[in-house]
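Asker: Next up is a structure, given as structure tokens.
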Amino acid sequence: MNKLNIENISLSFGGVKALKNVSFNVAEGELHAIVGPNGSGKTSLLNSISGFYRPHEGKISLDGENLLKLPSHIIATRGVGRTFQHSELFKASSVLDNIKLGRHIHYSKGIFSNLFYWGKTRKEETAARKEIEMEIIDLLELESVRKEPVGSLPYGVQKRVDLARALALKPEILLLDEPIGGMNREEREDMVRYVLDVHDFWDVTVILVEHDMSIVMDISDRITVLNFGQKLVDGTPKEIQSHPEVIRAYLGDGVSAESLSNSVKE
Amino acid sequence: MDYFLFLLITGIATGFVYALLALGFVVIYKATRVLNFAQGGLVMLGGYFCFTTLGQFGLHPLLAFSLAAIASITIAILIERYLLKPLIGKSLLSLVMVTIGLGSIIEGFAIALYGTDEQAMPEVLPEFAVSIGSVYIPSIYVWAIIISSILIVALFLFFKFSNLGIVMRAVSNNQPGALSMGIRVNHIFAISWILASLIALAGGFILGSISMMSPSLSIVIYPLFAAVIIGGLDSIPGALIGGLVIGVLQLLVAGYLGDLTGASFKTVFPFLILLLVLMIKPYGLFGTHEVERL
Numbered sequence: 164m165n166k167l168n169i170e171n172i173s174l175s176f177g178g179v180k181a182l183k184n185v186s187f188n189v190a191e192g193e194l195h196a197i198v199g200p201n202g203s204g205k206t207s208l209l210n211s212i213s214g215f216y217r218p219h220e221g222k223i224s225l226d227g228e229n230l231l232k233l234p235s236h237i238i239a240t241r242g243v244g245r246t247f248q249h250s251e252l253f254k255a256s257s258v259l260d261n262i263k264l265g266r267h268i269h270y271s272k273g274i275f276s277n278l279f280y281w282g283k284t285r286k287e288e289t290a291a292r293k294e295i296e297m298e299i300i301d302l303l304e305l306e307s308v309r310k311e312p313v314g315s316l317p318y319g320v321q322k323r324v325d326l327a328r329a330l331a332l333k334p335e336i337l338l339l340d341e342p343i344g345g346m347n348r349e350e351r352e353d354m355v356r357y358v359l360d361v362h363d364f365w366d367v368t369v370i371l372v373e374h375d376m377s378i379v380m381d382i383s384d385r386i387t388v389l390n391f392g393q394k395l396v397d398g399t400p401k402e403i404q405s406h407p408e409v410i411r412a413y414l415g416d417g418v419s420a421e422s423l424s425n426s427v428k429e
Numbered sequence: 014m015d016y017f018l019f020l021l022i023t024g025i026a027t028g029f030v031y032a033l034l035a036l037g038f039v040v041i042y043k044a045t046r047v048l049n050f051a052q053g054g055l056v057m058l059g060g061y062f063c064f065t066t067l068g069q070f071g072l073h074p075l076l077a078f079s080l081a082a083i084a085s086i087t088i089a090i091l092i093e094r095y096l097l098k099p100l101i102g103k104s105l106l107s108l109v110m111v112t113i114g115l116g117s118i119i120e121g122f123a124i125a126l127y128g129t130d131e132q133a134m135p136e137v138l139p140e141f142a143v144s145i146g147s148v149y150i151p152s153i154y155v156w157a158i159i160i161s162s163i164l165i166v167a168l169f170l171f172f173k174f175s176n177l178g179i180v181m182r183a184v185s186n187n188q189p190g191a192l193s194m195g196i197r198v199n200h201i202f203a204i205s206w207i208l209a210s211l212i213a214l215a216g217g218f219i220l221g222s223i224s225m226m227s228p229s230l231s232i233v234i235y236p237l238f239a240a241v242i243i244g245g246l247d248s249i250p251g252a253l254i255g256g257l258v259i260g261v262l263q264l265l266v267a268g269y270l271g272d273l274t275g276a277s278f279k280t281v282f283p284f285l286i287l288l289l290v291l292m293i294k295p296y297g298l299f300g301t302h303e304v305e306r307l
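Protein chains in written order, with the numbering used here: chain A, 164 to 429; chain B, 14 to 307.
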């Protein structure tokens with residue numbers, strides 16, 4: 164069954180067409196990667212799904228509901244969590260407070276109980292706190308830094324906090340924007356492991372935007388390739404690897420399929 | 014010595030009110046990055062709301078203040094919704110021009126409705142005599158300290174512990190991050206304006222009671238702005254200390270140099286302090302140092 168259907172979306176900024184008639188589907192429980200050269204529209208696509216950008220044409224439906232008809236802040240409550248390329252964390256707050264904010268949408272909405280921290284809100288917060296500490300912090304190994312202000316942490320750890328915060332939303336679909344970009348080798352391996360753990364144990368559908376082709380080929384179930392705002396092709400890693408159009412977009416003409424798969428294997 | 018003590022205590026009282034009002038300025042700046050030069054106008058308007066409900070309508074204070082609060086909240090929502098929301102993403106200069114213009118409009122309305130004469134705020138707070146040594150302190154100054162410090166502490170607790178306060182800090186810290194958490198960022202903008210207008214209402218009532226009600230009460234924006242910049246614009250403790258420093262120095266200067274320089278020097282003086290502070294600490298005493306990364 165399809166979790167997310169993207170149908171013919173187009174998005175432009177002034178004269179620049181960021182996305183042109185892009186359509187693809189993401190199945191329930193899938194780890195779906197979106198790849199493409201710089202400026203091909205990967206992040207624009209992610210921003211469209213999470214409601215930051217508004218495509219002027221097309222339809223993005225999550226479990227059959229058109230997300231483009233919803234106000235931006237509601238999209239998160241429908242179970243769309245995301246991380247950012249340059250982690251947009253609350254730098255002055257502690258790791259724990261950052262993660263707890265992700266849980267904010269699941270609290271009761273009563274102004275007074277929120278203001279004065281009474282009754283239901285308090286109970287919910289205690290329950291949420293336990294869950295956050297036990298599951299998310301454990302899973303992402305953030306125990307030792309939970310009281311630290313996020314701004315003081317190394318880059319790789321900040322990316323992990325970003326993921327933890329998105330998880331606190333209890334997302335059904337998780338959008339990851341270059342989770343391993345700018346990391347060293349060790350941090351990359353850790354992050355890939357975390358992403359796989361989250362995908363397996365939390366039962367979430369994951370959409371991953373990533374540059375590193377070897378990792379994408381390794382871990383994704385399906386891949387969509389974008390180029391100049393258009394979908395080039397989608398398919399399994401195997402299909403993508405040998406697809407002539409992909410090779411042309413990435414490496415230019417005159418390169419054989421073998422050399423791409425070799426470069427991928429390295 | 015007695016004179017000094019009197020000036021010091023009345024200065025501290027004024028400083029507390031400035032500190033409270035400076036908080037209102039900082040709340041809006043932190044959440045929305047708008048420099049609200051209409052804050053002085055809102056203070057004056059808040060004063061007149063109290064003046065009208067208490068004096069002209071002669072209502073019970075509780076009812077009068079509730080009505081005044083409803084009026085302030087309505088104004089704040091209208092300003093946010095119809096003046097500032099359409100300007101989201103525009104340059105800082107346009108936003109500043111809008112708030113300066115708004116301040117003038119509010120002042121114009123007040124002059125049209127109430128005239129330029131000074132009018133006394135009805136006295137609803139119980140009077141009591143406070144004297145330190147041989148110095149007699151009018152009770153309104155004591156009330157100013159009490160009311161302002163209660164509200165300041167309440168605001169601190171609100172931002173530190175309440176969910177709404179934490180969400181507001183999150184928005185001020187990082188808007189895309191807040192949006193991705195399902196926080197209604199535009200609601201938070203409106204709530205900051207509401208908060209600032211309620212602070213202005215309290216400040217307007219106190220300042221109107223200390224001096225007299227007149228449309229020129231809106232010039233409180235000048236010492237206020239100096240206080241906020243000295244404190245460091247985005248720092249809440251900075252706003253408090255800036256407010257206190259400016260309040261005390263302003264009264265001392267008016268008390269000792271008033272005969273020499275004329276009364277208006279009181280308005281200019283905070284800017285002299287501002288210049289001095291900015292020469293030594295360009296981001297104010299507690300402001301965030303902007304680090305440019307290339």
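Idealized CB from N, CA, C, for every residue including glycine. As the structure is a computational prediction, the values presented were derived from the model and not from experiment.
The beta strand (DSSP E) with E170(A) in it runs from where to where?
Answerer: 165-176
Asker: Nearest chain B C-beta to T240(A) closer than 9 Å, yes or no?
Answerer: For T240(A), the answer is yes, since a Cβ of chain B falls inside 9 Å of its Cβ.
Asker: If contacts are defined as beta-carbon pairs under 8 Å, then L264(B) and G24(B) qualify, I think. What distance do you get, rounded to the angstrom?
Answerer: 4 Å
Asker: At 4 residues or longer, and completely inside the region 188-218 of chain B: list those alpha helix (DSSP H) runs for me, N to C.
Answerer: 188-193
Asker: For A190(A) and R182(B), what's the separation of their Cα atoms in angstroms?
Answerer: 37 Å
Asker: According to the neighbour-count rule (16 or more other Cβ atoms, all chains shown, within 10 Å of its Cβ), is L307(B) buried or exposed?
Answerer: Confidence is the limiting factor: at L307(B) the pLDDT is only 45, short of 50, which leaves the residue's position unreliable, though a coordinate-based value still follows. So L307(B) ends up on the exposed side.
Asker: Within 9 Å (strictly less), CB to CB, does L252(A) reach chain B?
Answerer: yes
Asker: Hey, would you say V155(B) sits closer than 9 Å to F141(B), going by beta carbons?
Answerer: yes
Asker: So, at 7 Å on beta carbons, what are the nonlocal neighbours of V261(B) in its own chain, with the 5 sequence-adjacent residues on each side left out?
Answerer: Same-chain partners within the cutoff: L21, G24, I25, G28.
Asker: Our contact map puts E373(A) next to E350(A) with C-beta atoms below 8 Å; I'd like the distance itself, whole angstroms only.
Answerer: Going by Cβ atoms, the distance from E373(A) to E350(A) rounds to 14 Å, so no, they are not a contact pair.
Asker: Buried or exposed: E305(B), going by 16 or more other Cβ atoms within 10 Å of its Cβ?
Answerer: Legend: pLDDT at E305(B) = 49, less than 50; position of this residue unreliable, value from coordinates given subsequently. Classification for E305(B): exposed.
Asker: Flag L307(B) as yes if its beta-carbon sits less than 9 Å from any beta-carbon of chain A, otherwise no.
Answerer: Only weak support is given to the placement of L307(B): the predicted model assigns it a pLDDT of 45, under 50, and the value that follows is read from those uncertain coordinates. No, L307(B) does not count as interfacial toward chain A.
Asker: Could you give the residue range of the alpha helix (DSSP H) that holds D360(A)?
Answerer: Start and end: 348-364.
Asker: With a threshold of 9 Å between beta-carbons, can P189(B) be considered close to chain A, or not?
Answerer: yes
Asker: Please decide whether I88(B) counts as near chain A, where near means a Cβ-Cβ distance under 9 Å.
Answerer: no
Asker: Mind checking the region 81-113 of chain B against chain A and listing, in chain order, the residues whose C-beta falls within less than 8 Å of any C-beta there?
Answerer: none
Asker: Contact criterion: CB-CB distance below 9 Å. Does L48(B) meet it with respect to chain A?
Answerer: no
Asker: Between the region 52-67 of chain B and the region 268-288 of chain B, are three or more C-beta pairs nearer than 8 Å?
Answerer: no
Asker: What does F187(A) pair with, by DSSP beta-bridge criteria?
Answerer: I169(A)
Asker: Out of curiosity, what's the CA-to-CA distance linking L33(B) and V56(B)?
Answerer: 11 Å
Asker: Tell me, please, which residues DSSP counts as bridged to A196(A).
Answerer: L371(A), I386(A)
Asker: Which of the three DSSP states, helix, strand or coil, is assigned to R245(A)?
Answerer: For R245(A), the three-state secondary structure derived from DSSP is strand.
Asker: The region 173-187 of chain A: which residues have C-beta closer than 8 Å to a C-beta of chain B, in chain order?
Answerer: When C-beta distances to chain B are compared with 8 Å, every residue of the region 173-187 of chain A stays at or above that value.
Asker: Over what stretch of residues does the beta strand (DSSP E) that includes K222(A) continue unbroken?
Answerer: 220-225
Asker: Which chain B residues are close to R245(A), counting only those with a beta carbon under 7 Å from its beta carbon?
Answerer: S193
Asker: H267(A) and I196(B): beta carbons closer than 9 Å?
Answerer: yes
Asker: Counting contacts by CB-CB distance shorter than 9 Å, is I293(B) in contact with chain A?
Answerer: no
Asker: With distances taken from CA atoms, which of F64(B), I259(B), N187(B), I83(B) is nearest L9(B)?
Answerer: The structure shown has nothing for residue 9(B), since chain B only spans 14 to 307.
Asker: What's the C-alpha gap between K254(A) and V313(A)?
Answerer: Each residue's Cα considered, the two are about 5 Å apart.
Asker: In the structure shown, what three-state DSSP assignment does G28(B) receive?
Answerer: helix
Asker: Helix or strand or just coil, what does DSSP make of L237(B)?
Answerer: Of the three classes helix, strand and coil, the one that applies to L237(B) here is helix, per DSSP.
Asker: Given V179(A), which residues of its chain have a CB within under 7 Å of its CB, disregarding the five upstream and five downstream residues?
Answerer: none
Asker: Secondary structure at Y61(B), three-state DSSP: helix, strand or coil?
Answerer: helix
Asker: Got a sec, what are the start and stop residues for the beta strand (DSSP E) K394(A) sits in?
Answerer: 393-398
Asker: Roughly how many whole angstroms lie between the Cα atoms of I201(B) and L108(B)?
Answerer: 18 Å
Asker: What did DSSP end up calling M226(B) once you bin it into helix, strand or coil?
Answerer: Reduced to three states, the DSSP call for M226(B) is strand.
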